[in-house]
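Its first residue numbered 1, the sequence shown is counted upward by one per residue in the UniProt record's numbering.
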Amino acid sequence: MVEKKFPKTLENNKYPIVYSEFYNIRFLGLEKFHNFNAKKWKKTFERLKELISIDEDETFEPNPVHKQELSLVHTKDYLKSLKRSWNVAKILEAPFLSFLPNIIVRRYYLRPMRYQTQGTIMACELALKRGWAINLGGGFHHCSANQGGGFCLYADISIAIRHLFNSFPQVVKKVMIVDVDAHQGNGYQLDFFGHPCVYIMDVYNQHIYPLDFNARKAIHCKVEVNFFIKDQDYLPRLRKGLETSLREFQPDILIYNAGTDVLEGDCLGMLYLSPSAVVLRDEFVFRKAMEKHIPIVMLTGGGYTKNSVNATADSIANLIRLGIIERT
Ligand SMILES: [Zn+2]
1 MVEKKFPKTL
11 ENNKYPIVYS
21 EFYNIRFLGL
31 EKFHNFNAKK
41 WKKTFERLKE
51 LISIDEDETF
61 EPNPVHKQEL
71 SLVHTKDYLK
81 SLKRSWNVAK
91 ILEAPFLSFL
101 PNIIVRRYYL
111 RPMRYQTQGT
121 IMACELALKR
131 GWAINLGGGF
141 HHCSANQGGG
151 FCLYADISIA
161 IRHLFNSFPQ
171 VVKKVMIVDV
181 DAHQGNGYQL
191 DFFGHPCVYI
201 MDVYNQHIYP
211 LDFNARKAIH
221 CKVEVNFFIK
231 DQDYLPRLRK
241 GLETSLREFQ
251 PDILIYNAGT
261 DVLEGDCLGM
271 LYLSPSAVVL
281 RDEFVFRKAM
291 EKHIPIVMLT
301 GGGYTKNSVN
311 ATADSIANLI
321 RLGIIERT
């Protein structure tokens, strides 16, 4: 196979931060009937703009993911199942969608997720070139090849990994996933169950959704935490887990699902971390990857409260301020 060349459009004077206005969901205000914050990505970008004086033209904008890329992972039957509004409603846990024509559901709900999925692929390519990249969306870790769930319609992490293996076979032979979203990432765990070249570290509340005990067997470094864990108990366990993982496996790229549903007050994650713990958590993971010269890709994962939005933006700004990540 011929090694893919990096596109010329990956200009060096931009931050390797990927975002599009089309990530956000808007349709007649119906999205308000759901605890999913449909504009969290826009809010995150707006706060980031304030914090580090960054503009849209200094970041990278993806197109929607192509069907060919989706088919690297998803079965035909699964992609067909998204043509039924009730099925999408079930995955997004938004019953009102069942009553909408599928053309509307596709345009206003599936399309933003297709942009975010391509955002993850784009961020992976950028990280190979620049050492780091952040997709201000993505992290749909409950979706696998043939099943969606927990707000996740496309398996962006699995798709991006397959894309890297196919398009950069000489550069990417081994991938590590570090998932610190409050929920277990059962989607990619099922997709890469027993795969020798994909190492999985997952830190999650063991008592909440998805409780996928079969998928848990795919995790190499499991850090299971209990309800309402606090900063001082959480951070040492995360650090120990990452150090063990990087001793056991030397990846060519690290995909970091940095969900902020770990924050105190998040009714889905049910943990008790402070915003400064999120900043320290991300700082630690980025420092470790940089120290070992491993390209790192951050995805924003779950967390839909105002605190989550702020924590993500504050954390990225902190990494830039400390010089852990740089524009060039
Ligand atoms: Zn989550």
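C-beta: ideal position from N, C-alpha, C; glycine also.
Rounding to the nearest angstrom, what Cα-Cα distance links residue i and residue j in this structure?
{"i": "Lys188", "j": "Asn205", "result": "Per the sequence shown, residue 188 should be read as Tyr rather than Lys. Looking at the two C-alpha atoms, the distance is approximately 17 Å."}
{"i": "Ser81", "j": "Asn87", "result": "7 Å"}
{"i": "Ile255", "j": "Lys83", "result": "30 Å"}
{"i": "Glu264", "j": "Gln170", "result": "43 Å"}
{"i": "Pro95", "j": "Lys292", "result": "46 Å"}
{"i": "Gln250", "j": "Met298", "result": "18 Å"}
{"i": "Arg281", "j": "Leu235", "result": "7 Å"}
{"i": "Glu224", "j": "Leu273", "result": "15 Å"}
{"i": "Thr117", "j": "Arg26", "result": "18 Å"}
{"i": "Phe99", "j": "Ala89", "result": "9 Å"}
{"i": "Lys8", "j": "Phe228", "result": "No answer about Lys8 holds up, because its pLDDT of 46 lies below 50 and its placement is not dependable."}
{"i": "Thr44", "j": "Thr59", "result": "14 Å"}
{"i": "Asp252", "j": "Leu92", "result": "33 Å"}
{"i": "Leu97", "j": "Met113", "result": "15 Å"}
{"i": "Ala38", "j": "Ser308", "result": "13 Å"}
{"i": "Arg107", "j": "Val65", "result": "14 Å"}
{"i": "Pro62", "j": "Phe22", "result": "9 Å"}
{"i": "Val172", "j": "Phe165", "result": "6 Å"}
{"i": "Arg237", "j": "Val285", "result": "13 Å"}
{"i": "Ala317", "j": "Lys230", "result": "23 Å"}
{"i": "residue 329", "j": "Asn13", "result": "Because the chain in this structure spans residues 1 to 328, residue 329 falls outside the shown range and cannot be described."}
{"i": "Asp261", "j": "Gly119", "result": "21 Å"}
{"i": "Asn146", "j": "Asp77", "result": "7 Å"}
{"i": "Asn310", "j": "Glu283", "result": "16 Å"}
{"i": "Glu56", "j": "Cys152", "result": "26 Å"}
{"i": "Tyr109", "j": "Ser20", "result": "15 Å"}
{"i": "Glu46", "j": "Glu248", "result": "39 Å"}
{"i": "Val279", "j": "Glu243", "result": "18 Å"}
{"i": "Lys217", "j": "Glu50", "result": "43 Å"}
{"i": "Thr328", "j": "Arg239", "result": "28 Å"}
{"i": "Ile321", "j": "Ser167", "result": "Checking the sequence, you will find Arg at residue 321 rather than Ile. Looking at the two C-alpha atoms, the distance is approximately 33 Å."}
{"i": "Val203", "j": "Asp233", "result": "13 Å"}
{"i": "Arg319", "j": "Ala123", "result": "Per the sequence shown, the amino acid found at residue 319 is Leu instead of Arg. Distance between the alpha carbons of Leu319 and Ala123: 17 Å."}
Do residue j and residue i count as a contact pair if the criterion is CB distance below 8 Å?
{"i": "Asp266", "j": "Thr300", "result": "no"}
{"i": "Gly149", "j": "Pro210", "result": "yes"}
{"i": "Ile103", "j": "Val18", "result": "no"}
{"i": "Val180", "j": "Gly303", "result": "no"}
{"i": "Gly178", "j": "Cys197", "result": "Correcting the residue identity first, residue 178 is Val in this sequence and not Gly. Contact: no."}
{"i": "Ser245", "j": "Met201", "result": "yes"}
{"i": "Cys221", "j": "Gly194", "result": "no"}
{"i": "Ser144", "j": "Leu72", "result": "no"}
{"i": "Ile54", "j": "Tyr15", "result": "yes"}
{"i": "Gly139", "j": "Asn257", "result": "yes"}
{"i": "Ile219", "j": "His163", "result": "no"}
{"i": "Ile296", "j": "Ala127", "result": "yes"}
{"i": "Ala215", "j": "Gly269", "result": "no"}
On the CB-based measure, 16 or more other CB atoms within 10 Å of its CB, does residue i come out buried or exposed?
{"i": "Ser158", "result": "buried"}
{"i": "Thr75", "result": "exposed"}
{"i": "Glu69", "result": "buried"}
{"i": "Lys42", "result": "buried"}
{"i": "Ile325", "result": "buried"}
{"i": "Ser315", "result": "buried"}
{"i": "Ser276", "result": "exposed"}
{"i": "Gln184", "result": "buried"}
{"i": "Lys67", "result": "exposed"}
{"i": "Phe192", "result": "buried"}
{"i": "Gly323", "result": "exposed"}
{"i": "His207", "result": "exposed"}
{"i": "Arg130", "result": "buried"}
{"i": "Lys40", "result": "buried"}
{"i": "Glu125", "result": "buried"}
{"i": "Asn186", "result": "buried"}
{"i": "Trp132", "result": "buried"}
{"i": "Phe213", "result": "exposed"}
{"i": "Asn24", "result": "buried"}
{"i": "Asp156", "result": "buried"}
{"i": "Thr312", "result": "buried"}
{"i": "residue 329", "result": "For the chain, the structure presents residues 1 to 328; residue 329 sits outside this window and is missing."}
>> Residues around ligand 1, please: the condition is that the C-beta lies closer than 5 Å to some non-hydrogen atom of it.
In response: Qualifying residues come out as Asp181, Ala182, His183, Gly259, Asp261, Gly302.
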